[in-house]
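In the numbering used here, the protein residues as written are 76 to 309. Every residue, glycine too, gets a C-beta built ideally from N, C-alpha and C. All values reported here derive from a predicted model rather than from experimental measurement. Below is one structure; the comments refer to it alone.
Laid out in structure tokens, this is it:
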């Protein structure tokens, strides 16, 4: 009798644990996403709202604070700045400001680096990180996931091409933070290109290999079903 009670009790705790983990998997991503978005909106509001005239700030005549007003105004302001700088006069003003910044020893390096990063990431012509690949690192027969940046250019290309042939720049991210990593140049013939998207590759890195891209899993399961085999977890 006591053994049966232990089994029933253990089974009940097991079901509760399963329910809790299932709920956590559903709730945690939503909660974290909402928290990050809300924090970002509050951060932008905290910067913009103090500079708003009282007549344009709804917080001055409403009994509650209106979140997101600062974000909307910031987006509108950035769009207006982009519109103004698209014409000849605006470009001349920008060039004048950049010439002034270029005369400041520390500020020019910071500004130049940030500008290049934003131009590369946001430009419609950028080819950065549109492919995922495997490279041998840190030794032979050990493979690491990397994002293909672009073909080697300039001095790097001139120096490496006679030695390694066509060379490409790859970014190997670290786990679980894919925003840091190593920039390396590999012979194109030694790089294995994957069909997964950059987003799926980032998920794979962030999860330390625990989250396999859904598309790849579906293809594997379809192949296994056609062969009459079963994959783990199917």
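{"Item": "Proximity of residue 153 and residue 120 at Cβ, strictly below 9 Å", "Value": "no"}
{"Item": "Beta-bridge pairing of residue 228 - partner residues as DSSP gives them", "Value": "According to DSSP, which records beta bridges pairwise, residue 228 is partnered with nothing at all."}
{"Item": "Beta-carbon gap between residue 221 and residue 248 smaller than 9 Å", "Value": "yes"}
{"Item": "DSSP three-state assignment for residue 261, whether helix, strand or coil", "Value": "strand"}
{"Item": "Cβ-Cβ distance between residue 166 and residue 176 below 9 Å", "Value": "no"}
{"Item": "Proximity test, Cβ basis, 9 Å: residue 90 and chain B", "Value": "Included in the structure is just one protein chain, with no chain B present."}
{"Item": "Contained beta strand (DSSP E) runs [length at least 3] in the stretch 76–151, N- to C-terminal order", "Value": "none"}
{"Item": "Range covered by the alpha helix (DSSP H) that runs through residue 177", "Value": "163–177"}
{"Item": "Host beta strand (DSSP E) of residue 209 (start-end)", "Value": "206–211"}
{"Item": "Sequence-distant residues of its chain with Cβ nearer than 8 Å to residue 93 (five each side left out)", "Value": "none"}
{"Item": "CB of residue 217 within 9 Å of CB of residue 266, strictly", "Value": "no"}
{"Item": "Whole-angstrom distance between residue 159 and residue 283, CA atom to CA atom", "Value": "45 Å"}
{"Item": "Nearest residue (CA-CA) to residue 209, options 245, 86, 193, 147", "Value": "245"}
{"Item": "Exposure of residue 227, with buried meaning 16 or more beta-carbon neighbours within 10 Å", "Value": "buried"}
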